[in-house]
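Shown next, in structure tokens, is the structure this report addresses.
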Amino acid sequence: MKTIGIIGGGQLGLMIIEQAHILGAKTICLDPTPDSPAFKISDEHIVAAFDDAQALEELCRRSDVVTYEFENIPSDLLIALEKHIKQGVRPLFDSQDRVREKNNACENGLTPASFAEVNDMNSLVEGVKKIGYPCVFKTRTLGYDGHGQVVLKNDADLKKVAAYLPVPAILEEFIPFDFETSIVMVSDGKTIINFPIGQNIHTGGILDLCIVSEPTENSPVGTYAIRPLSKSLITKIETLSKDFMRRCGYKGILTIEFFIKGDEVYFNEMAPRPHNSGHYTIEGCNTNQFMELCRFLLDMDLQEPKLVAPTIMKNILGQDLEVAKQIAKENHPNVYVHIYGKTESKPKRKMGHITFVGMDIDEYNEKWKSRFY
Ligand code: AMP
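The sequence shown begins at 93 in this note's numbering and counts up one residue at a time.
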């Protein structure tokens, strides 16, 4: 029986472990928080900081293969352990800095919004000259779910970012997109599979809903919002993304987020780990992102994902936790409530998600929307 080591014990670790167990593997998980969600079901665990070189080395020693579900691990520490990390350190390193990530995207066939490096007030002003208003200021590292981001509309807004400026940052063109989307791929080095592509709706910079359905033959440009995606757009996203993954030589799991404006496909960011927008795959597809990652880690053949029915995933943040628990008790058919078991619930903290299988956005809006914040 093989043991998968996982760096990170959050909900992604938890869901990797659920699938690893189905495939007959054991797990060991490393996280600094003693009551991490994943520790509840992992066979073994190590409580240690993500920059504790000795603990990372111990995790590798006690595992047959290692993966990461958390991105902010110092990649220099992992390089020494790379032979244990089947996916390698490169995709993690490339994703840890927004400027490096966007340069890498450009070099490998993808198109981000125009951007400029910002290190101080001078480079900020130069960046604004190049990009124009509106634009988005983001810290280069450690940003997630809209943290460290400010939309700038005019010169008066420049002072809003002054407080961040000792920190390296990036300025991006604001894309007035029709919608956001993402693709989750898994590569074993020979075959790249990908999960069905839907629309992602963010509220306050945090993913709120994923809406996935079979594509249509044609969706007229400009009317994409909350409609099935056209086959041609899906083919374009899949081709660009798989070419990118091949050109970069990445293996394992990779998610790429895009902004879609008409027929334009703008790279936003990537994550070399299971992704929140792929949670719908657990019940909405014949196989899921966590299972395929485990197949890759365990040297098993990958399985081609298929959508079983139109599906909606609703993220449950702290403010919706009680209603989610109530929905679970009501026991609705084809409604799957996942609660991650985090000990502290806060507004805006991801506490769980609900997957509605066999549902489109009209039915969701009519029957479910009003129950959430
Ligand atoms: P990020 O952390 O970069 O994924 O940004 C969080 C969210 O902010 C995105 O999912 C978008 O909804 C929004 N956003 C970020 N960058 C831009 C941009 N350049 N143009 C328009 N919206 C953006």
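A virtual CB, placed ideally from N, CA and C, is assigned to each residue, including glycine.
The ligand GTP and HIS371: does the residue's C-beta get closer than 8 Å to at least one heavy atom of that ligand?
The ligand GTP is absent from the structure shown, which contains only the ligand AMP.
Just to check, is the beta-carbon of ALA228 closer than 8 Å to a non-hydrogen atom of the ligand AMP?
With the sequence shown as reference, residue 228 is identified as Val, and Ala is not the correct amino acid for it. At least one heavy atom of the ligand AMP is nearer than 8 Å to the Cβ of VAL228, so yes.
Between which two residues does the alpha helix (DSSP H) containing TYR456 stretch?
In the DSSP annotation of this structure, the continuous segment of the alpha helix (DSSP H) that includes TYR456 starts and ends at 453-459.
Report yes if the C-beta of PHE266 is less than 8 Å from at least one heavy atom of the ligand AMP; otherwise report no.
Result yes, Cβ under 8 Å from the ligand AMP.
Enumerated in chain order, which unbroken segments of the beta strand (DSSP E) with a length of 3 residues or greater are wholly contained in the stretch 197-269?
Whole beta strand (DSSP E) segments, 3+ residues: 207-210, 227-231, 241-244 and 261-265.
Which residues does DSSP list as the beta-bridge partners of GLY97?
DSSP, once it has assigned bridges, lists ILE120 and VAL158 as partnering GLY97.
Threshold first: 3 residues or longer. Then list the beta strand (DSSP E) segments lying entirely within the stretch 336-399, N to C.
Taking only runs of at least 3 residues, the beta strand (DSSP E) segments lying wholly in the stretch 336-399 are 344-353 and 356-363.
Less than 8 Å separating the Cβ of GLU356 from some heavy atom of the ligand AMP?
Not so, every heavy atom of the ligand AMP lies at least 8 Å from the Cβ.
One question on the structure: do GLY290 and GLN241 come within less than 9 Å of each other, judged by their Cβ atoms?
In this structure, GLN241 does not lie closer than 9 Å to GLY290 by Cβ.
Member of ARG153, GLU361, PHE185 and GLY180 whose CA lies at the smallest distance from the CA of SER167
Closest by alpha carbon: PHE185.
Anticipated Cβ contact below 8 Å, ILE120 with LEU151, distance rounded
That pair is a contact at about 6 Å.
Just curious, the alpha helix (DSSP H) that SER167 is in, first and last residue?
Residues 167-171.
Distance between VAL427 and PHE350 (C-alpha atoms, nearest Å)
In this structure, the CA atom of PHE350 is about 28 Å from the CA atom of VAL427.
With HIS294 and GLU272 assumed to form a contact (beta carbons below 8 Å), what rounded beta-carbon distance in angstroms separates them?
The beta-carbon separation of HIS294 and GLU272, rounded to 6 Å, stays under the 8 Å limit for a contact.
What's the call for HIS239, buried or exposed, on a 16-neighbour Cβ count within 10 Å?
By the beta-carbon neighbour count (other beta carbons within 10 angstroms, threshold 16), HIS239 is exposed.
Across the stretch 386-399 and the stretch 430-443, are there enough close Cβ pairs to call them in contact, namely three or more that are closer than 8 Å?
Contact between the stretch 386-399 and the stretch 430-443 is absent, because fewer than three Cβ pairs lie under 8 Å.
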